[in-house]
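644 is the number that my numbering gives to position 79 of the sequence shown; each next residue is one higher, with no gaps.
Backbone N, C-alpha and C define an ideal beta-carbon position, used for all residues, glycine too.
Please read all numbers here as calculations on a predicted model, not as lab measurements.
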Amino acid sequence: MNKYWKQITRKEYVLMTNEARVATLHMTKHGQAEIYTNEQQYCIIRKKSWFRSFRVLDAQGNIVAEASPKKWYSESLLFQYQQQVYLIKHRNNPLFEVVLQNLQKQDIIAYGKGIENLKEKIKVTDHRQGSNTTDYLPDAIVWFLFQSAPELDVMDFI
566 MNKYWKQITR KEYVLMTNEA RVATLHMTKH GQAEIYTNEQ QYCIIRKKSW
616 FRSFRVLDAQ GNIVAEASPK KWYSESLLFQ YQQQVYLIKH RNNPLFEVVL
666 QNLQKQDIIA YGKGIENLKE KIKVTDHRQG SNTTDYLPDA IVWFLFQSAP
716 ELDVMDFI
């Protein structure tokens with residue numbers, strides 16, 4: 566499966582799989598975002614832009630997913646989604662990467678920077694079982710964290 570994120574504007578991205586649009590992510594102010602996938606709208610909400618904890622709400626305001634630090638000093642986030650708990654980590658592999666793992670620390674989805682032909686390239690790794698995955702909300706959340714970590718917008722703090 567050919568999967569990649571295409572930048573539409575400075576703060577809007579589209580997830581393409583096999584040249585079909587399956588999700589849209591629009592970064593908003595204060596480290597938040599709007600996600601559109603499977604004809605559903607979601608919002609990533611943080612109390613403050615520098616907080617690591619966040620919630621994902623559906624269009625009716627219901628909590629769909631939630632992430633908070635594993636421990637106050639931990640670099641890992643515990644991510645609760647569809648009655649399961651996952652880990653979200655930032656790591657170097659070999660450059661910056663954001664990864665969603667199960668509790669056994671096996672990678673599920675990862676978005677990272679790599680080098681190909683002396684140019685920076687985004688590396689997408691998806692270990693979900695079956696190539697017929699239709700739930701792209703986790704992809705959008707991991708991409709949101711990947712995009713927001715290295716690039717903080719100064720205007721978001723004003």
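Who are the Cβ neighbours of L606 in its own chain at under 6 Å, not counting the five residues just before and after it?
With the sequence shown as reference, residue 606 is identified as Gln, and Leu is not the correct amino acid for it. Correct list, in chain order: A624.
Just to confirm, is the Cβ distance from L665 to V707 under 8 Å?
Closer than 8 Å, so yes.
Going along the chain, which residues of its own chain have a beta-carbon closer than 8 Å to the beta-carbon of I610, five neighbours each way excluded?
For I610, where only same-chain residues beyond five positions count, the Cβ hits under 8 Å are Q597, F619, R620, V621, L622.
Which runs of the alpha helix (DSSP H) fall wholly inside the segment 655-695 and span at least 4 residues, in chain order?
Qualifying alpha helix (DSSP H) stretches: none in this window.
Going by DSSP, what residue range makes up the alpha helix (DSSP H) through Q712?
Q712 -> alpha helix (DSSP H) spans 702-713.
If you scan the segment 576-633 from start to end, which runs of the beta strand (DSSP E) of 3 or more residues do you find wholly inside it?
With a minimum length of 3 residues, the continuous beta strand (DSSP E) runs that stay inside the segment 576-633 are 577-582, 585-593, 597-602, 605-610, 619-623.
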